[in-house]
Structure formats: C-alpha cells, structure tokens
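Single-structure report; data block below.
There are 2 protein chains.
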Amino acid sequence: MTEQIPLQKKVLSENDRLAAEIRGRLDAHKVLALNLVSSPGSGKTSLLERTLAELGSKLNIAVVAGDVQTENDANRISRAGGTVVKPIITNGKCHLDARMVLDVLGDIDFAATNLLVIENVGNLVCPSSYDLGEDMKVVLISTTEGDDKPLKYPGMFRRSSAMVVNKIDLLGLSDFELARVKENALQINGTLIIHELSCRTGQGLDRWYAWLSDMMAAKKSGKLVQHVDSR
Amino acid sequence: MTEQIPLQKKVLSENDRLAAEIRGRLDAHKVLALNLVSSPGSGKTSLLERTLAELGSKLNIAVVAGDVQTENDANRISRAGGTVVKPIITNGKCHLDARMVLDVLGDIDFAATNLLVIENVGNLVCPSSYDLGEDMKVVLISTTEGDDKPLKYPGMFRRSSAMVVNKIDLLGLSDFELARVKENALQINGTLIIHELSCRTGQGLDRWYAWLSDMMAAKKSGKLVQHVDSR
Chain A
1 MTEQIPLQKK VLSENDRLAA EIRGRLDAHK VLALNLVSSP GSGKTSLLER
51 TLAELGSKLN IAVVAGDVQT ENDANRISRA GGTVVKPIIT NGKCHLDARM
101 VLDVLGDIDF AATNLLVIEN VGNLVCPSSY DLGEDMKVVL ISTTEGDDKP
151 LKYPGMFRRS SAMVVNKIDL LGLSDFELAR VKENALQING TLIIHELSCR
201 TGQGLDRWYA WLSDMMAAKK SGKLVQHVDS R
Chain B
1 MTEQIPLQKK VLSENDRLAA EIRGRLDAHK VLALNLVSSP GSGKTSLLER
51 TLAELGSKLN IAVVAGDVQT ENDANRISRA GGTVVKPIIT NGKCHLDARM
101 VLDVLGDIDF AATNLLVIEN VGNLVCPSSY DLGEDMKVVL ISTTEGDDKP
151 LKYPGMFRRS SAMVVNKIDL LGLSDFELAR VKENALQING TLIIHELSCR
201 TGQGLDRWYA WLSDMMAAKK SGKLVQHVDS R
C-alpha cells in the first residue's frame, strides 16, 4: 500500500488541473457555482427542488446531479423545473471528480446561465478532497443526524463556505441542539455562513434565496471571494 | 489514472488476506462479528448504546468504534457499558480497513467474548468494499433519509445480511414510506433480514435482541452462514 500516497497525489493534481479548467469557463461568464455536499438523506435534492421552484422561472439554473446509481435525483430536479439538468452516475465511485463534471458541462450555454449547482454524491468524507471548479462548497446537515458531525467529519466543514442546517421543523424530536451544531461547526471553520431552514415547511428559505442572490451579484461584480481550501 | 484499478485490486487483496486472519481468530472462538454500516447519523451508536444497556451485563460484547475524527462514539459506547471498547480514528480515511481493525484486536480475549461489533465510519459507499473479517454487515437506514437509498447505494445493501430501519417513531413526518424502503431493499438483495425499530422509543428492539441471540447461537453451533459478497 506504499504506492497509494504518491498515486493519490497524482490523481488529485490531475483533478486540480481539470477543476481549474471548469473554473476558468465559469469565471469567464461570471456564473456562480456551488458544490452541494452532505450525508445521504440530509436534503440536497429537496433544497434544489425548492430553490428551482422559487428561482427557476427568473434565473437560468443549471444542475449537475451526481449519484452512485440511478437518476432519481436528476429526475426530481427536472420535474421541479431545472433549466438544464445533467445526471452523472458514478457507478460505485464515492464522489464526483472534475473529469466527470467537465464531461457533462460540454453543451451548457454559460453565457445564458446565472447559477450552476453541482449536487455531489451523498458522502461526508470523500467529496471533500475533490475540487470541481466551484466557487464554494455548501455542506448540508439535518437535525435528525448528530450535532457532533462537524467534529467527526472536519474536512468537509473546513472546506465549505456555508452550512445549511435542514429539517429544523423536526427540532426537539431528538437530542440534536441547534446551538451545539453551530458551536461545533464554527470551532472547525470560524467563517462558515450558517442557514437554518426546513425544505418541508419552507421556514428559513427566504434567507437562503436572498443569500444566493447576494452571492450571484458578488460573482457578477467580481467581488466574490472563492473558497478553495485544499488542506 | 489508469494505474488506479490494478493498485486498488492489490490494496483490496491485501485487505482480504488480513480480513481472513481476523475471521480465523473469531471463528476459532465462535465469536459472532457484525460490521455496522450506514450514513452518518442513521443511529449506529444509538443502536449500540441500547444493545449494550440491554445485553451488556449478560454477555461480553467487544466494540470497535471507527470515526474519521474524535472518539465521541467510543466514549458514548463506553458509558453505555461496553465491555471492551476500541476506538479507531481514521484521520480522514472514509472507511475502516482490516489492518486498522487487526491492530486494535490484539489484546481482546476472544475466549471470553460473545459478540464483536465493529461500528464503521458513517459512509454508505466506501466501507462496502472492505471486508473486516465480520460474519455479516448490518446496514442502518433511518426514516428521515430517503426511502430510495437502497437503489442509490446498491453496493452496501447487496453486501449486507440485515437492514435496520431506525427512527420509526418519526414515520409520517416526511415522505419516507416503510413499505417502499423494504421493497427497494429487497429488490437489491432478496435475502435481507429487515428490522424496524426506534432507538429513541425502544419500539422493535426486542426483536433485534432476539435476532442477535439467534445469530450468536447459530455461530456457536457452527450453523451460521457467513455472508461475504465481494461483488
């Protein structure tokens, strides 16, 4: 297993090269790109469905939806009004890499696109190591998971710019405490933007939409600070 | 990236050799070994806490608790009365491998142990590829995730012998349907044993304890069919 480390470095540096190519294309057209990451079941697809229902008629939103198997998520997103939806089936691989994303971006007209959302494979570990050319990672956590997740999976929370705490309508049904998850997350990454919302009841979504608009405006005006932390 | 496939095969075959060594030691003492796998937050640690509180005074249960970072789970399990609890911090790695497990098994007295439970890293993808010498994998899914998870992460459900559907007290609070998750799981693996329970309310736990006892008895009498599916 001694060859694994240099090989992994080589794979990652090739990934970085392709991610830079994606980032260059997005930046040329000032398209904001988010990489949505979380455990399976935290609500990445639900958040996208809600966001497309609210903003999809006003904005051109392209979505890349990765899954280990099935196009279930891509189908849900298409039904919700995704302007352009590109499914990627990883066939057992535990993360998206820049090559997979680059391969499906081909015919997207970025000149006519406001926002690209990449929905990663449900996995709190591996996707954190792969830059996909995004402006920022947004990590979701739901109130039915444990509030110590940021401490147990620090890589993902360190490399994300924003954390969405989903399913706040279910607060009180478990030991999960909102104050504690925020404290744990900020201990790992003091600059995290935190959203608290429920994709089911809609609570907190207005602030999420407003933040997305702010980020898109910042990208257009060249004022967005990209968060690429490869620690 | 063309070197990745042969290298991965080599790493996995080395893992298989070490897993066989673990299995040999467990079989010599007829110790039942379970590999608990799930997404982060499905309730692996909660199920262990409950099981140790119920059975820990009657049986000698050894636990190996894997986490990417922190010993939080191992500490919770120790408080619940784990006879022997061995934490493994993977330091960013997304799964346990047989080498890590072998390294902590050293001083466990298997002659005086009835059950070994290995709590894997919270991840529905990568741990499915690593045999840890267990008799069977038990995959957890909770009712706050999506009921299409077996279709989206088929490898894990195919390689498991049992599926625990946790948090059934929260049924009805989302679109999750019990009948649908069972149908989806059985479509992937028609021989899955299915448990429905709530670690919070205790519902369904009696059947889980009874099943564990049956499996331990089967192991003792040499009648347990080990489920090692490396597809």
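So the sequence lines, in the order shown, correspond to chains A and B.
Using this note's numbering, count along the first sequence one by one with no gaps and you end on 231.
Using this note's numbering, count along the second sequence one by one with no gaps and you end on 231.
From the three backbone atoms N, C-alpha and C, an ideal C-beta is built for every residue, glycine too.
For clarity, every value in this text was computed on a predicted model and none was experimentally measured.
For my contact list, Thr136 of chain A and Leu34 of chain A are in at a C-beta cut-off of 8 Å; report their separation, rounded to the angstrom. Reading off the sequence shown, one finds Met at residue 136 of chain A, where the question assumed Thr. Yes, they are in contact, since the Cβ atoms of Met136 of chain A and Leu34 of chain A sit about 6 Å apart, within 8 Å.
C-beta contact flag for Ala74 of chain A and Leu52 of chain A at 8 Å: no
DSSP state of Val121 of chain B mapped onto helix, strand, coil: coil
With a threshold of 16 other CB atoms inside 10 Å of the CB of Ala62 of chain A, please say whether the residue is buried or exposed. buried
Could you compute how far the alpha carbon of Lys182 of chain B sits from the alpha carbon of Ile194 of chain B? 8 Å
Through-space distance from Thr144 of chain B to Thr90 of chain B, alpha-carbon basis: 27 Å
Sorry if obvious, but does the Cβ on Ser128 of chain A come closer than 7 Å to a heavy atom of the ligand HEM? The ligand HEM is absent from the structure shown, which contains no ligand whatsoever.
Considering only the beta carbon of each residue, do Gly7 of chain B and Leu12 of chain A sit closer than 8 Å? Note on identity: in this sequence residue 7 of chain B is Leu, with Gly being the wrong assignment. Against a cut-off of 8 Å, the Cβ pair of Leu12 of chain A and Leu7 of chain B comes out as no contact.
Thinking C-beta only, is Asp147 of chain A closer than 8 Å to Lys152 of chain B? no
Neighbouring residues, chain D, relative to Thr51 of chain B (Cβ below 7 Å): Among the protein chains of the structure shown, namely A and B, there is no chain D.
Over the uninterrupted alpha helix (DSSP H) stretch that includes Ser213 of chain B, give me the two end residues. Leu205 to Lys220
Mind pulling the chain B residues with CB within less than 7 Å of Glu196 of chain A? By Cβ distance, chain B contributes nothing, its closest Cβ being about 16 Å from Glu196 of chain A, past 7 Å.
Roughly how many angstroms lie between the CA atoms of Thr201 of chain A and Arg158 of chain B, to the nearest whole one? 35 Å
Does the beta-carbon distance from Ser160 of chain A to Leu192 of chain A come in below 8 Å? yes
Taking the C-alpha atoms as reference points, what is the distance between Tyr209 of chain A and Leu140 of chain A? 15 Å
Measuring only the C-alpha atoms, how far is Gly56 of chain B from Phe176 of chain B? 33 Å
Please list the terminal residues of the continuous beta strand (DSSP E) segment that includes Asn166 of chain A. Ala162 to Asn166
In angstroms with no decimal places, state the Cα-to-Cα distance between Leu105 of chain B and Asn123 of chain B. 22 Å
Would you please verify whether the beta carbon of Pro232 of chain B is less than 8 Å from any beta carbon of chain A? No information on residue 232 of chain B is available, as it lies outside the stretch 1 to 231 that chain B covers here.
Ignore the nearest five residues each way along the sequence and tell me which others in Lys86 of chain B's own chain have a CB closer than 6 Å to its CB. Val64 and Val104
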